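> The structure under discussion is supplied below as structure tokens; questions concerning it will follow.
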Amino acid sequence: MRRTSTLALALAYAVVASLIASRMEAVFAFRLPLIAIPSFPWRLLALALLLVLTATIPMLRRAIRETLEGCVEGGEKRKRGWALSMLILVSYILSFYLLHLVVTNRRGLITSGGSANRSSSLPLSYSLEKTGSPPISNNSFIVSQPVAWIEVPYSILAIAGLAFLLTSVATLAYVVYGVVSGRSEEDVTTSSGLEEGVLRITSLAIGEIEEGDPRKAIVLYFLRLCTLLRAYGLDIRENFTAREVEFYVRRVISRVPAEPLHRLVELFEEARYSAHPLTSDLREEALSCLRRVESWLVELRGVRVA
Numbered sequence: 150m151r152r153t154s155t156l157a158l159a160l161a162y163a164v165v166a167s168l169i170a171s172r173m174e175a176v177f178a179f180r181l182p183l184i185a186i187p188s189f190p191w192r193l194l195a196l197a198l199l200l201v202l203t204a205t206i207p208m209l210r211r212a213i214r215e216t217l218e219g220c221v222e223g224g225e226k227r228k229r230g231w232a233l234s235m236l237i238l239v240s241y242i243l244s245f246y247l248l249h250l251v252v253t254n255r256r257g258l259i260t261s262g263g264s265a266n267r268s269s270s271l272p273l274s275y276s277l278e279k280t281g282s283p284p285i286s287n288n289s290f291i292v293s294q295p296v297a298w299i300e301v302p303y304s305i306l307a308i309a310g311l312a313f314l315l316t317s318v319a320t321l322a323y324v325v326y327g328v329v330s331g332r333s334e335e336d337v338t339t340s341s342g343l344e345e346g347v348l349r350i351t352s353l354a355i356g357e358i359e360e361g362d363p364r365k366a367i368v369l370y371f372l373r374l375c376t377l378l379r380a381y382g383l384d385i386r387e388n389f390t391a392r393e394v395e396f397y398v399r400r401v402i403s404r405v406p407a408e409p410l411h412r413l414v415e416l417f418e419e420a421r422y423s424a425h426p427l428t429s430d431l432r433e434e435a436l437s438c439l440r441r442v443e444s445w446l447v448e449l450r451g452v453r454v455a
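Under this note's numbering, think of the first position of the sequence shown as 150, with each following residue one higher.
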């Protein structure tokens, strides 16, 4: 469910950022009272929200990648799935920029003459004041500050609207898929041999850490996981990272505790790629994580380690 919440969160950030960046034109477009606050730092707020959206890009890319990799197998298909996830990500982010164009040009909000009609121009900055004379239309106003203009053909706006619609539908489909598959995964039972194999490997790693070198034991733990997963038909390649191994373990044993397993990945990276000795605190943390995984597997399978 983590990928579902990530997609939903990124979608919410992007919508809010787009609406704020449009400086309340969306409110004006729907003929609701427009509260113009010239002194309010709209640009700063829009920038902050867009920066937050940018910060979610790695999570969003990973979420889409996990979703797609759950549907493909094999090396070449996995590469195509990763490329497709990046393509979807780019279109997802760009669609919100195009949404900004659509929102600010809805119903021809701004014209160079200051009245509302069907114009193909987009202002970058302006403030609004109500006119003292009877309005030409419900949306009439004057421009009281100099404005900058960008010509935006309506054909582009139509394409932008279609792109946003399609991307929104695709995003909604991913969210629905995440909810449905998240529930169905809880009912999926993996091979008892695989679960017992992970249990044996975990128990062996606990004994090795208690009796010997924790660095070697943690590295061997992931190498043994790779061997076990290959034995059950998964395409675990030699150049896989520990994070990719974690992904496959969680895929075949969907309810395995995420937090201790992810922490073991971080400890593996420190053990594998650092030169300094592992402290006693890290040793105890590794033991704690392994014992949590072991306890969960014992409870799941109803077996005891021989």
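In this text, a Cβ means the ideal position worked out from N, Cα and C, and glycines have one as well.
Keep in mind that this is a model prediction, so the values were computed, not measured.
Could you say if the stretch 396-407 and the stretch 416-429 meet the contact criterion of at least three C-beta pairs nearer than 8 Å?
These segments do not touch.
> With a threshold of 7 Å on Cβ separation, who are the neighbours of residue 438 within its own chain once the five nearest residues in sequence on each side are excluded?
Position 289 of the sequence shown, counting from 1, holds the residue named residue 438. Correct list, in chain order: 409, 412 and 413.
> Can you give the Cα-Cα distance for residue 346 and residue 419, rounded to whole angstroms?
One-based indexing of the sequence shown puts residue 346 at position 197. One-based indexing of the sequence shown puts residue 419 at position 270. Spanning the two alpha carbons is a distance of roughly 25 Å.
> Return the chain-ordered list of same chain residues with a C-beta closer than 6 Å to the C-beta of residue 445, the five sequence neighbours on each side being excluded.
For the purposes of this step, residue 445 is taken as residue 296 along the sequence shown, with counting starting at 1. Cβ within range, chain order: 406.
> Using the rule of at least 16 other Cβ atoms within 10 Å of the residue's Cβ for burial, across every protein chain shown, is residue 395 buried or exposed?
On the sequence shown, position 246 is the one that residue 395 refers to. Counting Cβ neighbours within 10 Å, residue 395 comes out buried, since at least 16 surround it.
> Are the beta-carbon atoms of residue 367 and residue 416 separated by less than 8 Å?
Translated into positions along the sequence shown, residue 367 becomes position 218. Translated into positions along the sequence shown, residue 416 becomes position 267. It is a contact, given that the beta carbons lie within the stated cut-off.
> Contact defined as beta carbons within less than 8 Å: I believe residue 350 pairs with residue 383. What is the distance between those atoms, to the nearest angstrom?
The sequence position of residue 350 within the sequence shown is 201, counting from 1. The sequence position of residue 383 within the sequence shown is 234, counting from 1. In fact, because the Cβ distance is near 15 Å, the residues do not count as touching under 8 Å.
> If residue 449 and residue 355 are in contact, beta carbons under 8 Å, what's the gap, nearest whole angstrom?
For this step, residue 449 is matched to residue 300 along the sequence shown. For this step, residue 355 is matched to residue 206 along the sequence shown. About 17 Å separates the two Cβ atoms, so there is no contact after all.
> Is it buried or exposed for residue 481, if we count other Cβ within 10 angstroms and need 16 for buried?
This structure cannot settle anything about residue 481, because the visible part of the chain is limited to 150 through 455.
> For residue 404, name the three-state secondary structure that DSSP assigns.
Within the sequence shown, numbered from 1, the residue matching residue 404 stands at position 255. Three-state DSSP puts residue 404 in coil, outside helix and strand.
> Give the range of the alpha helix (DSSP H) segment to which residue 389 is assigned.
In the sequence shown, the residue the question calls residue 389 occupies position 240. Where residue 389 is concerned, there is no enclosing alpha helix (DSSP H), given that its DSSP letter is neither H nor E.
> Note down the Cα distance separating residue 433 from residue 387, rounded to an integer number of angstroms.
Here residue 433 refers to the residue found at position 284 when the sequence shown is read from its first residue. Here residue 387 refers to the residue found at position 238 when the sequence shown is read from its first residue. If I take the Cα positions, the gap works out to 29 Å.
> From which residue to which residue does the alpha helix (DSSP H) around residue 366 run?
Taking the first residue of the sequence shown as 1, we reach residue 366 at position 217. It spans 363-380 - the alpha helix (DSSP H) in which residue 366 sits, taken as one unbroken run.
> Is the beta carbon of residue 364 within less than 7 Å of some heavy atom of the ligand HEM?
This structure simply doesn't include the ligand HEM, nor any ligand for that matter.
> So is residue 424 buried or exposed if we call it buried at 16+ other beta carbons inside 10 Å?
Sequence index remark: in the sequence shown, residue 424 carries index 275 (1-based). That one is exposed.
> How big is the Cα-Cα spacing for residue 441 and residue 344?
The sequence position of residue 441 within the sequence shown is 292, counting from 1. The sequence position of residue 344 within the sequence shown is 195, counting from 1. Their Cα atoms are separated by approximately 15 Å.
> With a CB to CB cut of under 7 Å and the five nearest residues on each side skipped, what residues in its chain are close to residue 371?
For the purposes of this step, residue 371 is taken as the residue at position 222 of the sequence shown. These residues qualify, in order along the chain: 391, 394 and 417.
> Taking residue 378 as the reference, give the member of 353, 447 and 397 with the closest Cα.
Residue 378 sits at position 229 when you count from the first residue of the sequence shown. That would be 397, whose Cα lies nearest to the Cα of residue 378.
> With residue 353 and residue 447 assumed to form a contact (beta carbons below 8 Å), what rounded beta-carbon distance in angstroms separates them?
Position 204 of the sequence shown holds residue 353. Position 298 of the sequence shown holds residue 447. Rounded, the Cβ-Cβ distance is 14 Å, inconsistent with contact.
> Can you find the residues in the same chain that come closer than 8 Å, C-beta to C-beta, to residue 369, ignoring five residues on each side of it along the sequence?
Here residue 369 corresponds to residue number 220 of the sequence shown, with the count starting at 1. Here the set comprises 354 and 357.
> Leaving out the 5 sequence neighbours to the left and right, which residues in its chain are closer than 6 Å to residue 336 when beta-carbon positions are compared?
Counting from one through the sequence shown, the residue named residue 336 turns up at place 187. Its pLDDT being 39, under 50, residue 336 is placed unreliably by the model, and nothing is read from it.
> Looking at the structure shown, is residue 98 part of a helix, part of a strand, or coil, going by DSSP?
The structure shown does not extend to residue 98, since the chain is modelled only from 150 to 455, so the question has no answer here.
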